[in-house]
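Numbering (our numbering), first residue to last: 237 to 614.
All C-beta atoms in this analysis are idealised placements derived from N, C-alpha and C, irrespective of residue type, glycine included.
Keep in mind that this is a model prediction, so the values were computed, not measured.
Here's the structure we're looking at; comments come further down.
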């Protein structure tokens, strides 16, 4: 892979021209219009759509072919587009998740840090050799896309530590002997502890790289386990190579939720893993699923409306529960509380205000009148 060379002569432009592959306002057959150019290199460009709901990664055919041939992406991930007599390939990604240079990404939450671990895991299942120093991080596909340039190689561990470093820490630029090898959950937990970042006591219930079918009969034949993106005492959210996460609840919390009318119509399944009983639920990656005290999903106005309604519906069903650390499952329109009878003061309005004021946002902060409209829902 290191000998991959892109013929970019048709696409290279002088600095004086300052042109881009697409002009702002260009409309794709799907209706999405090109907005601003956010970043670019010799063989790719990154735009935001005019509606603000999508990131657009535009690449040359040779680069697309390399990603597809190595199994990092599929042909179906791209849309071919003719422009100025040439062909390019466009990948659309929601602005709720990150699409950016790995070197520009900073994991500010535990969820973001674990999601990056999953991307390293997935990438190395397909490509164990390529230098990821100049890669593009595609969060909603859990993948790191190498550019195959001549930039000096940096180990995966060094790249990961750079992504979780504080503002006061220097960037790692060399390959220290103790940073050789791949990134795994053991390394990540050790890094969290040494930097006093996040606490993780649990081990992953499912093993990385194992076919999902080995655990669940109804799983997709080709799906593999990646790594957990949420690790808590009573539940785990596990990333996979499919379009779904696997939510795994321990017997205690699962039965407590089943006993409420909150999940009476949901398709929980009871399974046994390593002689322990769990409840599982397959959840689409296209919807938000995260803890309210560890948010990573970039919300837009539609997401904010859905969350406001979910808070109201959950409170109506379980009046005394605490939602501060609950698990929000957008796909089903509810929050799963960990505490059903809280002795603390209930203030759902303050919880929603925190989300509306601090995000994270898909694009930009909400206007005050928009935020007030969401607050009126609860």
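Item                                                                                                                                                                   : Value
Once you ignore the five residues that flank residue 602 on each side, which residues in its own chain have a CB closer than 6 Å to its CB?                            : 592
State buried or exposed for residue 505, treating a residue as buried only when at least 16 other CB atoms are found within 10 Å of its CB.                            : exposed
Any chance you could list the beta strand (DSSP E) runs of at least 3 consecutive residues sitting entirely within the stretch 449 to 537, in chain order?             : 461 to 467, 471 to 476, 480 to 486, 505 to 509, 512 to 520, 525 to 527
According to the neighbour-count rule (16 or more other Cβ atoms, all chains shown, within 10 Å of its Cβ), is residue 468 buried or exposed?                          : buried
Residues in its own chain within less than 6 Å of residue 464 by CB, not counting five upstream and five downstream?                                                   : 440, 472, 474
Using 7 Å as the threshold, is the C-beta distance between residue 576 and residue 557 below it?                                                                       : yes
Classify residue 568 as helix, strand or coil using the three-state DSSP reduction.                                                                                    : coil
Quick check: what's the CA-CA separation for residue 461 versus residue 478?                                                                                           : 9 Å
Which of the three DSSP states is assigned to residue 256 in this structure?                                                                                           : coil
Contact between the stretch 318 to 328 and the stretch 282 to 296 is defined here as three or more beta-carbon pairs at a separation below 8 Å; is this criterion met? : yes
So, is residue 398 buried or exposed, given that buried needs 16 or more other C-beta atoms within 10 angstroms?                                                       : buried
Between residue 510 and the rest of its own chain, which residues show a CB-CB distance below 6 Å, the 5 nearest in sequence each way excluded?                        : none
Please classify residue 284: does DSSP put it in a helix, a strand, or coil?                                                                                           : strand
Just to confirm before moving on: does the CB-CB distance between residue 570 and residue 493 stay below 7 Å?                                                          : no
Is there a C-beta anywhere in chain D that falls below 7 Å from the one on residue 547?                                                                                : Absent from the structure: chain D. Only one protein chain is present.
Which value, in whole angstroms, describes the spacing of the CA atoms of residue 482 and residue 595?                                                                 : 25 Å
How is residue 561 classed by DSSP in three states: helix, strand or coil?                                                                                             : coil
Can you tell me the Cα-Cα spacing of residue 288 and residue 598, whole angstroms?                                                                                     : 8 Å
Name, in chain order, the residues that DSSP records as bridge partners for residue 322.                                                                               : 319
Considering Cα atoms alone, identify which of 409, 539, 292 is closest to residue 262.                                                                                 : 292
Assuming residue 394 and residue 408 make a contact with CB atoms under 8 Å, what is their CB distance in whole Å?                                                     : 4 Å
Where does residue 359 sit, in a helix, a strand or coil, going by DSSP?                                                                                               : helix
Does DSSP classify residue 598 as helix, strand or coil?                                                                                                               : coil
Assign residue 527 to buried or exposed, taking buried as 16 or more other Cβ atoms, counted over all protein chains shown, within 10 Å of its Cβ.                     : buried
How should residue 265 be labelled, buried or exposed, when 16 other C-beta atoms within 10 angstroms of its C-beta is the threshold for buried?                       : exposed
Alpha carbon to alpha carbon, how far is residue 319 from residue 459? Give it in angstroms, no decimals.                                                              : 35 Å
Using the Cα positions of residue 432 and residue 402, report the straight-line distance between them to the nearest angstrom.                                         : 11 Å
Please state the DSSP three-state secondary structure of residue 337.                                                                                                  : strand
What span of residues does the beta strand (DSSP E) with residue 290 cover, start to end?                                                                              : 290 to 295
Helix, strand or coil: which one does DSSP assign to residue 417?                                                                                                      : coil
How many Å lie between residue 273 and residue 379 at the Cα?                                                                                                          : 22 Å
Counting beta carbon pairs with one atom in the stretch 342 to 353 and one in the stretch 365 to 372, are three or more of them shorter than 8 Å?                      : no
Of the residues 480, 584, 531, 330, which one's Cα is nearest the Cα of residue 554?                                                                                   : 584
Should residue 446 be labelled buried (16 or more other beta-carbon atoms within 10 Å of its own) or exposed?                                                          : exposed
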